[in-house]
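Enquirer: Line by line, the protein sequences are chains A and B.
First residue of the first sequence? That's 1 in our numbering, and the numbers climb one at a time after it.
First residue of the second sequence? That's 1001 in our numbering, and the numbers climb one at a time after it.
Protein chains: 2
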Amino acid sequence: MKIVQNILNSRSDEDGNFFLVLKKILGFNPKHLDIYRKAFTHRSANRKDAQGNPVNYERLEFLGDTMLSTIISYHLYKEVPSGDEGYLTKMRSKIVSREHLNELGKDLNLIAYINSKISKDSFGDNIHGNLFEALLGAIYLDRGYKYCERFVYRKVIEPYVDIERLEGKIISYKSFVIEWCQKEKKTFRYEVYEDSGNESLKHFSVKLFIDGNVISKGRATSKKKAEEQASKRAYYALQDKMG
Amino acid sequence: MKIVQNILNSRSDEDGNFFLVLKKILGFNPKHLDIYRKAFTHRSANRKDAQGNPVNYERLEFLGDTMLSTIISYHLYKEVPSGDEGYLTKMRSKIVSREHLNELGKDLNLIAYINSKISKDSFGDNIHGNLFEALLGAIYLDRGYKYCERFVYRKVIEPYVDIERLEGKIISYKSFVIEWCQKEKKTFRYEVYEDSGNESLKHFSVKLFIDGNVISKGRATSKKKAEEQASKRAYYALQDKMG
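Printed below as a string of structure tokens:
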């Protein structure tokens, strides 16, 4: 806290705000704000550096794309010792799919911080994934490979990468939970409430009760996703019983 | 040297030999010989682990391929600040081309250490690139990202990656040197001699003389490559004059 305060004191208000926004997204202290500023700059802003080179997120996106691919590859290598090269390649492309990246960028609400001459409403869906990749590139340049890897674990792998689900063994954790409760003659209910917190994006929080006890919680940008997250957590919490 | 001796003493002769071979290829001490053994094991050897999973280099190749791509991407990002995403992608695919990887594996003579039921002569050219990628995967698992990056710099980027040449601005350094000498009215000659050293692969060493003075040296697995390497070094040594 003291370090943050010192950094804030030595910067302008604008820098201080950006620092806090980043710290919240990243989960650690960013060192070089300029790199992150680039990661949020769209080409329409027409920024140039002293040498006349365009300053926008596109080059960082190139870097972040390959970083993500490498980190996911290593995770799959470790987690699936029985998977051959073809299997690992197929699983990786599911995880780093355009659709999935867009979802990740959207969940972090990265578009809120974009510097662009174009209105936010007129971007297509890919802007979310592009900003997410650019952010990974920026993290690598700012803090190196390990920080980038940790961020990917926290924001991509832990919440979303589920090998059983990717393999199609489990399509929906919610239906899995429901079937299990019916088979075991247990009652269940999902208690959902809208919650915006301090964020500009609306979030949904959900508690999953089984036989009247809270088994797990979920929080996401849609009711469906929050329920699925709570169900997934319940699945792991109860794995022995459900096995 | 003392450390190496201790490691050697504590291992079998076979391990000791493999350790020394690896140390020479890698330029550092390998820690987990098993990982490297896997990197040299072809599927035809039919090795399996205790769980029945196949043990061969194919999964390591998957890992090495993405590591190489990431390390080259970062190098290009740094070195070509004016290159946009499309340019960086194009340059990367030139550097990590199948042909180039095969050359790298061949130069390190990796096939000499392969464990396979198939005769070495019956492999196609791709075996060289596959072994090179698997070796990168093994380095990452054994010593982490930084060691892998340093190895790629020493074995790929420093000797082979030349952005001006990849851009097609310079096709051959040898013809560049010859033209320059003719224009500047200087004499030149390449002095080549075959040299096998301790390696099983034949090497060629070359000295480039300009006006009777040794300007640069080269060493490679063909006369042509050694001359090109010496010419490239001369190009950089004389860059101010040649500019």
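Beta carbons are placed, not taken as given, at the ideal position from N, Cα and C, and that holds for glycine.
Over what stretch of residues does the alpha helix (DSSP H) that includes I1118 of chain B continue unbroken?
Expert: I1118 of chain B -> no alpha helix (DSSP H), and no H or E assigned at all.
Enquirer: At what residues does the beta strand (DSSP E) containing K31 of chain A begin and finish?
Expert: K31 of chain A -> no beta strand (DSSP E), and no H or E assigned at all.
Enquirer: Looking at C-beta atoms only, is the number of pairs between the stretch 50-57 of chain A and the stretch 68-86 of chain A that lie closer than 8 Å three or more?
Expert: With the cut-off at 8 Å, the stretch 50-57 of chain A and the stretch 68-86 of chain A do not touch.
Enquirer: Closer than 9 Å, Cβ to any Cβ of chain A: which residues of the stretch 1041-1067 of chain B, in chain order?
Expert: Residues D1049, Q1051, G1052, N1053, P1054, E1058, R1059, L1060, E1061, F1062, L1063, D1065, T1066 and M1067.
Enquirer: Compare the C-alpha of M91 of chain A against each of A:Y77, A:N102, A:E103 and A:L104 and name the closest.
Expert: Answer by Cα proximity: A:Y77.
Enquirer: Is M1 of chain A buried or exposed, if buried means 16 or more other CB atoms sit within 10 Å of its CB?
Expert: Its pLDDT being 49, under 50, M1 of chain A is placed unreliably by the model, and nothing is read from it.
Enquirer: Under 8 Å: do the stretch 79-94 of chain A and the stretch 1095-1107 of chain B share three or more Cβ pairs, one atom per stretch?
Expert: Cβ pair count under 8 Å is below three, so no.
Enquirer: Measuring alpha carbon to alpha carbon, tell me which residue in B:K1155, B:D1121 and B:I1139 is nearest E1103 of chain B.
Expert: The candidate whose alpha carbon is nearest that of E1103 of chain B is B:K1155.
Enquirer: For P1081 of chain B, return the contacting residues in chain A, with the cut-off set at a CB-CB distance below 9 Å.
Expert: In chain order: D49, Q51, N53 and R59.
Enquirer: Thinking C-alpha only, which one of A:S44, A:D162 and A:F188 is nearest S122 of chain A?
Expert: Per the Cα distances, A:S44.
Enquirer: Is the beta carbon of D162 of chain A less than 8 Å from the beta carbon of K186 of chain A?
Expert: No. Outside cutoff.
Enquirer: Using only the alpha-carbon positions, how far apart do L208 of chain A and N109 of chain A sit?
Expert: Whole-angstrom Cα-Cα distance: 26 Å.
Enquirer: Whether or not the stretch 132-142 of chain A and the stretch 27-39 of chain A are in contact is what I'm after, with contact meaning three or more pairs of Cβ atoms, one per stretch, closer than 8 Å; do they touch?
Expert: A contact exists between the stretch 27-39 of chain A and the stretch 132-142 of chain A.
Enquirer: I'd like the span of the alpha helix (DSSP H) that includes V245 of chain A, first residue to last.
Expert: Shown here, chain A extends from 1 to 243; a query on residue 245 of chain A therefore has no answer.
Enquirer: Restricting to Cα atoms, I'd like to know which of A:H203, A:F19 and A:E191 is closest to N256 of chain A.
Expert: The structure shown does not extend to residue 256 of chain A, since chain A is modelled only from 1 through 243, so no value can be given for it.
Enquirer: In angstroms with no decimal places, state the Cα-to-Cα distance between G243 of chain A and Q182 of chain A.
Expert: Note on G243 of chain A: pLDDT 49, under 50, position unreliable in the model; the coordinate value appears next. Approximately 15 Å, taken between the alpha carbons.
Enquirer: Smallest Cα separation from E1184 of chain B: which of B:S1116, B:L1238 and B:E1058?
Expert: Measuring from the Cα of E1184 of chain B, the nearest candidate turns out to be B:L1238.
Enquirer: Along the stretch 81-100 of chain A, what residues have a CB closer than 7 Å to any CB found in chain B?
Expert: From the stretch 81-100 of chain A, only P81, S82, D84, E85, L88 and T89 have a Cβ closer than 7 Å to chain B.
Enquirer: Is the beta carbon of K217 of chain A closer than 8 Å to that of S205 of chain A?
Expert: Yes, the Cβ-Cβ distance between S205 of chain A and K217 of chain A is below 8 Å.
Enquirer: For V214 of chain A, which residues does DSSP report across the bridge?
Expert: Bridge partners of V214 of chain A: A:F209.
Enquirer: So, under 8 Å CB-CB, H75 of chain A and I157 of chain A are touching, yes? Tell me the CB distance rounded to an integer number of Å.
Expert: At roughly 6 Å, the Cβ-Cβ gap stays under 8 Å, so H75 of chain A and I157 of chain A are in contact.
Enquirer: Given a limit of 7 Å on CB to CB distance, which residues of the stretch 210-221 of chain A reach chain B?
Expert: Against chain B - using a Cβ distance shorter than 7 Å - the stretch 210-221 of chain A contributes no residues.
Enquirer: Please list the partners that S69 of chain A has in chain B, where partner means a Cβ-to-Cβ separation under 8 Å.
Expert: Chain B residues near S69 of chain A: T1066, S1069 and T1070.
Enquirer: Quick check on R219 of chain A: does DSSP put it in helix, strand or coil?
Expert: DSSP places R219 of chain A in strand when its eight states are reduced to three.
Enquirer: Which of the three DSSP states is assigned to F123 of chain A in this structure?
Expert: Of the three classes helix, strand and coil, the one that applies to F123 of chain A here is coil, per DSSP.
Enquirer: What are the boundary residues of the alpha helix (DSSP H) that D1065 of chain B is part of?
Expert: From DSSP, the alpha helix (DSSP H) with D1065 of chain B extends over E1058 to E1079.
Enquirer: Whole angstroms are fine: how far does the CA of L136 of chain A sit from the CA of N148 of chain A?
Expert: For clarity, residue 148 of chain A is Cys in the given sequence; the question names Asn instead. Those two C-alpha atoms are separated by around 6 Å.
Enquirer: Say whether chain B places a C-beta atom closer than 8 Å to the C-beta of S116 of chain A.
Expert: S116 of chain A does not count as touching chain B.
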